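These notes concern the structure reproduced below.
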Amino acid sequence: MRRLLATAVLGGALAACAQSPSQTGQQKHSFEVVSVKPSAAANDSTSVSTTPYRIRCENVLLRQLLMMGFTIRSESQIESMPDWAKSERFNIDAKVDEETAVTMKGLSRDERQKWQQEMMQSLLEDRFHLKFHWAKKELPVYSLTVAKSGSKLKATIPPPPPPDTDPNAKPRDRGTSASTSNGHMVVTNGSMEMFANQLSHMTETDGRVVLDRTNLPGRFDWTLDWSPERQQNSFRGADGNPALVPTADTSKPNLFTALQEQLGLKVEQDKAPVDLLVIDDLERPTEN
985 MRRLLATAVL GGALAACAQS PSQTGQQKHS FEVVSVKPSA AANDSTSVST
1035 TPYRIRCENV LLRQLLMMGF TIRSESQIES MPDWAKSERF NIDAKVDEET
1085 AVTMKGLSRD ERQKWQQEMM QSLLEDRFHL KFHWAKKELP VYSLTVAKSG
1135 SKLKATIPPP PPPDTDPNAK PRDRGTSAST SNGHMVVTNG SMEMFANQLS
1185 HMTETDGRVV LDRTNLPGRF DWTLDWSPER QQNSFRGADG NPALVPTADT
1235 SKPNLFTALQ EQLGLKVEQD KAPVDLLVID DLERPTEN
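Sequential numbering of the sequence shown, starting at 985, is according to the working numbering.
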């Protein structure tokens, strides 16, 4: 199992909003079997567990599903959501057929992620009757830049290839490993584009999109410790019970200070054109 959010955020997916297959005349990939039910949970704890061939969501909001299905970093990029869709929650279980599962095994990480996004789009269109269009608007954002003291990031050192590797073969991207829990983040082989995407989902950035303006290419390893404003609740693994919210560790700096002191990065307020997913129609889901 892995977190779908981690797949979207840490997999280094498309940074800009691309056209959906329906807009380019191509047929979207879709799940074979989908169950959508209203959630009866009395709390706002959300779990999402995935394999490349199945997704199970418990107590999710529509905005969370939209962020899984489209290349958007922040809920501030979603406009014209109906009021009911801002609060009602759902349980979803969706699976692909065996033929699709076999095909997906042969895809690259990025290709498989694109298929997963298309499947979520198909689910939203088929069951919630989603209709939308893209727009662009200048919004308040944060810019991730290098601090005056200079970057403190450590470049990732890739492991040596296996002895039988073809020397002319293109090096395989081993992907990004990342974990974040209660103000402790460990990332291996991460890009700054991925990090800006990840920061966009954090409470401290107030729903603003964070743009990578570090001009630092390549991949890096880092550890970051800070005192979070509150528990990051949006997505957690489904194979464990939610932990109690710990008392804030006042010995740690806030996120913005930690970025500067520990990584040599800073976040500055700015304005920039941002892609918006504008909802034209969204309805309560059809019955299973």
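C-beta atoms are modelled at their ideal positions from N, C-alpha and C, and glycine is treated no differently. Please read all numbers here as calculations on a predicted model, not as lab measurements.
Closest residue to residue i among the options (Cα-Cα distance)
i, options, result
"Asn1075", "Val1032, Gly1174, Glu1122 and His1168", "Val1032"
"Phe1015", "Lys1138, Gly1053, Glu1042 and Ser1133", "Gly1053"
"Asp1205", "Thr1030, Gly1191, Leu1137 and Arg1040", "Leu1137"
"Lys1132", "Leu1260, Lys1250, Asp1254 and Thr1270", "Lys1250"
"Glu1122", "Asn1272, Leu1266, Ala1256 and Arg1093", "Ala1256"
"Thr1187", "Ala1139, Asn1238, Ser1175 and Met1051", "Asn1238"
"Lys967", "Leu1050, Ile1056 and Pro1036", "The displayed coordinates of the chain run from 985 to 1272. Any statement about residue 967 would go beyond what the structure contains."
"Asn1027", "Arg1203, Arg1073, Ala1139 and Thr1189", "Arg1073"
"His1168", "Pro1147, Ala1180, Thr1270 and Lys1236", "Lys1236"
"Arg1203", "Gln1182, Leu1195, Asn1043 and Thr1172", "Thr1172"
"Met1176", "Asp1264, Leu1195 and Gly1191", "Leu1195"
"Ala1024", "Asn1043, Ser1135 and Thr1030", "Asn1043"
"Pro1143", "Gly1159, Met1051, Ser1163 and Asp1254", "Gly1159"
"Ser1163", "Phe1179, Asp1150 and Asn1152", "Phe1179"
"Glu1267", "Cys1041, Glu1252, Asp1067 and Met1051", "Asp1067"
"Lys1070", "Arg1047, Ala1078 and Gly1090", "Arg1047"
"Thr1189", "Val1125, His1013, Pro1147 and Thr1129", "Val1125"
"Gly1248", "Glu1063, Ser1106, Ser1135 and Met1065", "Ser1135"
"Cys1041", "Glu1063, Ala1078, Val1130 and Gln1011", "Ala1078"
"Glu1095", "His1013, Glu1213, Asn1272 and Pro1145", "His1013"
Buried versus exposed call for residue i [16 or more other C-beta atoms within 10 Å across all chains shown]
i, result
"Trp1099", "buried"
"Leu1200", "buried"
"His1117", "exposed"
"Gly1174", "buried"
"Pro1269", "buried"
"Gln1097", "buried"
"Ser1029", "exposed"
"Thr1234", "exposed"
"Ala1139", "exposed"
"His1113", "exposed"
"Leu1091", "exposed"
"Ser1184", "buried"
"Ser1064", "exposed"
"Asn1272", "exposed"
Residues that DSSP places opposite residue i in a beta bridge
i, result
"Gly1202", "DSSP, once it has assigned bridges, lists no residue as partnering Gly1202."
"Trp1118", "Leu1261"
"Gly1174", "Phe1204"
"Val1032", "Cys1041"
"Ala1078", "Val1018 and Ile1039"
"Arg1073", "Leu1045"
"His1168", "Ser1165 and Asp1209"
"Pro1124", "Lys1255"
"Val1130", "Leu1249"
"Ala1139", "Phe1204"
"Leu1195", "Ser1127"
"Ile1062", "Leu1261"
Contacts around residue i, its chain only, beta-carbon distance under 7 angstroms, and the 5 residues preceding and following it disregarded
i, result
"Gln1061", "Val1193, Val1258, Asp1259, Leu1260 and Leu1261"
"Leu1049", "Met1104 and Leu1108"
"Arg1111", "Val1018, Val1020, Pro1269 and Thr1270"
"Leu1045", "Arg1073"
Own chain, CB closer than 8 angstroms to residue i, minus 5 neighbours either side, in chain order
i, result
"Ser1165", "none"
"Gly1191", "Ser1058, Glu1059 and Ser1060"
"Val1130", "Thr1198, Asn1199, Leu1200, Gly1248, Leu1249 and Lys1250"
Beta-carbon proximity list for residue i, same chain, < 6 angstroms, skipping 5 on both sides
i, result
"Gln1101", "Gly1053"
"Ser1127", "Leu1195, Arg1197, Glu1252 and Asp1254"
"Ser1161", "Thr1172"
"Val1170", "Ser1163 and Thr1207"
"Lys1115", "Asp1264 and Asp1265"
"Ile1141", "none"
"Glu1213", "Thr1187 and Glu1188"
"Ser1106", "Lys1012 and Ser1014"
Using 8 angstroms as the threshold, is the stretch 1235-1248 in touch with the stretch 1194-1209, meaning 3 or more CB pairs across them?
yes
Are the stretch 1035-1049 and the stretch 1074-1090 touching by the rule of at least three beta carbon pairs closer than 8 angstroms?
yes
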